[in-house]
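Here the structure comes first, spelled out in structure tokens, and everything after it is commentary.
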Amino acid sequence: MNAVSIPGSEELEVLSPSCIETVQHNNETVSSYVTELRRLAEECNFGATLSERLRDQLVCGIKDEALQRRLLAESTLTFNEAFSRAVAAESAAEQAKHIHSQKFNTGNSTNLIRQHSNNNKRTFQKSSSSQSKPENAQSADVICYGCGGHHDRSSCKFRDVTCRFCEKKGHIELACRAKRKNDSMPRTGHMQKNSSTHAVKSESVNEAAAIYKLSDLKNSKCKQMKRNVSIQLGEGECIMELDTGSDYSIISSDELDRLWPNKKPKIFPLTFQLCDYQKSPIRIRGQIYVNVRYANFKGKLRLLIAEGSRANLLGMEWFEPLGIKFVGVYCTEIDIEFFLEEFKDVFSEDLGSYKGPTISLSIDPKFPPISFKARNIPLAMRKKVDVAIDKLLDQGVLKPISNPRWSTPIVPIIKQSGEIRLCADYKVTINKAMKNHPYPIPSVNHILANLADGKFFAKIDLAQAYLQLSVEDASAEAHRQL
Numbered sequence: 003m004n005a006v007s008i009p010g011s012e013e014l015e016v017l018s019p020s021c022i023e024t025v026q027h028n029n030e031t032v033s034s035y036v037t038e039l040r041r042l043a044e045e046c047n048f049g050a051t052l053s054e055r056l057r058d059q060l061v062c063g064i065k066d067e068a069l070q071r072r073l074l075a076e077s078t079l080t081f082n083e084a085f086s087r088a089v090a091a092e093s094a095a096e097q098a099k100h101i102h103s104q105k106f107n108t109g110n111s112t113n114l115i116r117q118h119s120n121n122n123k124r125t126f127q128k129s130s131s132s133q134s135k136p137e138n139a140q141s142a143d144v145i146c147y148g149c150g151g152h153h154d155r156s157s158c159k160f161r162d163v164t165c166r167f168c169e170k171k172g173h174i175e176l177a178c179r180a181k182r183k184n185d186s187m188p189r190t191g192h193m194q195k196n197s198s199t200h201a202v203k204s205e206s207v208n209e210a211a212a213i214y215k216l217s218d219l220k221n222s223k224c225k226q227m228k229r230n231v232s233i234q235l236g237e238g239e240c241i242m243e244l245d246t247g248s249d250y251s252i253i254s255s256d257e258l259d260r261l262w263p264n265k266k267p268k269i270f271p272l273t274f275q276l277c278d279y280q281k282s283p284i285r286i287r288g289q290i291y292v293n294v295r296y297a298n299f300k301g302k303l304r305l306l307i308a309e310g311s312r313a314n315l316l317g318m319e320w321f322e323p324l325g326i327k328f329v330g331v332y333c334t335e336i337d338i339e340f341f342l343e344e345f346k347d348v349f350s351e352d353l354g355s356y357k358g359p360t361i362s363l364s365i366d367p368k369f370p371p372i373s374f375k376a377r378n379i380p381l382a383m384r385k386k387v388d389v390a391i392d393k394l395l396d397q398g399v400l401k402p403i404s405n406p407r408w409s410t411p412i413v414p415i416i417k418q419s420g421e422i423r424l425c426a427d428y429k430v431t432i433n434k435a436m437k438n439h440p441y442p443i444p445s446v447n448h449i450l451a452n453l454a455d456g457k458f459f460a461k462i463d464l465a466q467a468y469l470q471l472s473v474e475d476a477s478a479e480a481h482r483q484l
């Protein structure tokens, strides 16, 4: 959108048709089109102008030309307003198409809805002619009181739904009579006195309603998976839903008025914008700091206040203070001490030992022994090297001997813990005298082929694995200084 200033009027924004890249297909709903736009926008670096770009693309690419002209005529238009109007226009078009598809004959009986002037009750007046209507035929304007749709009550898919407003079974919140009475507004719009027609000013119950009302279904698995906890906020109790997808804990402004009907906590402004899973902004009234009591926790935590009536969410920010942890479904508490005692050889800090035969180094007898001179060790490492050698002596890995025939220099390696790992540079000594034992090294593909039928896999890491292999006395020669 480009800003245009007209003399004598306020500044207007004008859409540029050159922005069109993705248009709405013939059989594509507005919601699906907006979802596709959001998906494509993720690959673009729009930044702070994302909402404006989505608005421009929605208006330029929508297939309803009449709606497009109305949106282009707006002086100030946001993405949310454009999306709401597009959904409302699509819903109205579907209802009009349904009404005009019905065939009205003068010989069929019709129902007239009238509203008396002296009360709010509606009466139904039936007029019939010489021809009667078949018994199995449905009336063209039958309105289901469970959802507000144009179908018979027996075929309504919301028969087993529990209303979120009055918590009664048999209808959804959109068609709740108690809510209409509470709001003092008729759901189906305004009807004139003694008139047989009425203007509809509400959204139709379509597939979108089924999506947003999934939490109302009594047998819904999603509802069964929800976990609610009772938490004391201030002096009142609040039922909050555990939500691992929410970073913050949020209650509605209605819940705030219920918990603090008189003196409310001080509300601080929020410095960031919250969005739902559809990346639509959430209207936040502010944030408060309240005294929270749950289990063994008692302290003050931050709580966000959302405008309107919303579910109270216990977000990740409260999990650690309240001691809420993630536990696997099949995780069971076990006695660690039992396993430590049962397998004490495995968990012992002592060096293990290979139980098989000792290792013999096959050295060519024609090769003379090599006694390599000692290498200098930095002064800063000498004490650590002595500690490492003493440890190997205590573990039985090394044994002191005098006049060795083979002498190999050591290479001290500093580990991440700061300790010293002793290695030997055998490439300058014994490796030269070793007999060659050719062995075909298997390829990775062959190894993986042997694992094809495996069901259980384990990774075993042995501490000081090479030092657990015992060698013959003839092959074990070393010197502390080398």
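In this text, residue positions in the sequence shown follow the working numbering: the first is 3, and each later residue adds one. Cβ atoms here follow ideal geometry from the backbone N, Cα and C, with glycine treated the same way.
Residue i - containing alpha helix (DSSP H), residue span
i, result
"Asn452", "446-452"
"Arg72", "67-74"
"Ile391", "381-396"
"Phe340", "338-344"
"Ala476", "Per DSSP, Ala476 belongs to no alpha helix (DSSP H) and is neither H nor E."
"Val25", "Where Val25 is concerned, there is no enclosing alpha helix (DSSP H), given that its DSSP letter is neither H nor E."
"Phe321", "321-324"
"Leu56", "52-63"
CB contact flag (residue i, residue j, <7 Å)
i, j, result
"Phe81", "Ser53", "yes"
"Gly63", "Thr24", "yes"
"Arg407", "Pro371", "yes"
"Met242", "Asn314", "yes"
"His152", "Cys165", "no"
"Ala94", "Leu69", "no"
"Gly150", "Ala177", "yes"
"Pro411", "Arg377", "yes"
Residue i classed as buried or exposed, judged by whether at least 16 other C-beta atoms fall within 10 angstroms
i, result
"Val163", "buried"
"Gly148", "buried"
"Arg423", "exposed"
"Asp392", "exposed"
"Asn235", "Correcting the residue type first, residue 235 is Leu in the shown sequence and not Asn. Looking at its Cβ environment, which holds 16 or more other Cβ atoms inside 10 Å, Leu235 is buried."
"Phe160", "buried"
"Val144", "exposed"
"Ala308", "buried"
"Ser248", "buried"
"Ala460", "exposed"
"Arg57", "buried"
"Glu474", "exposed"
"Ala88", "buried"
Nonlocal neighbours in the same chain, by C-beta distance under 6 Å from residue i, ignoring five residues either side
i, result
"Glu12", "In this prediction, Glu12 scores a pLDDT of 48, lower than 50, which makes its location untrustworthy; the coordinate-derived value is nonetheless stated afterwards. So no residue of the chain qualifies."
Own chain residues within Cβ distance below 7 Å of residue i, not counting five before or after
i, result
"Gln466", "Leu353"
"Ser1", "It is not possible to answer for residue 1, since the shown part of the chain is limited to 3 through 484."
"Lys281", "Arg40"
"Val1", "Nothing can be reported for residue 1: it is not among the residues displayed for the chain, which extend from 3 to 484."
"Asn107", "Legend: pLDDT at Asn107 = 41, less than 50; position of this residue unreliable, value from coordinates given subsequently. Once the five neighbours on either side are set aside, Asn107 has no close Cβ partner at all."
Secondary structure of residue i, DSSP reduced to three states
i, result
"Ser364", "coil"
"Asn293", "strand"
"Ile432", "helix"
"Thr164", "strand"
"Glu237", "coil"
"Glu243", "strand"
"Asn230", "strand"
"Lys302", "strand"
"Gly288", "strand"
"Ala308", "strand"
"Ser34", "helix"
Unbroken beta strand (DSSP E) run spanning residue i, endpoints
i, result
"Arg423", "422-426"
"Ile254", "What sits at residue 254 in the sequence shown is Ser, not Ile. Per DSSP, Ser254 belongs to the beta strand (DSSP E) from 252-254."
"Val413", "412-416"
Residues near residue i by beta carbon distance below 8 Å, same chain, minus five either side
i, result
"Arg304", "Tyr250, Ser251, Gln289, Ile290, Tyr291, Glu319"
"Lys171", "Asp162, Val163, Thr164, Cys165, Lys220"
"Leu272", "Ile286, Gly288, Gln289, Leu306"
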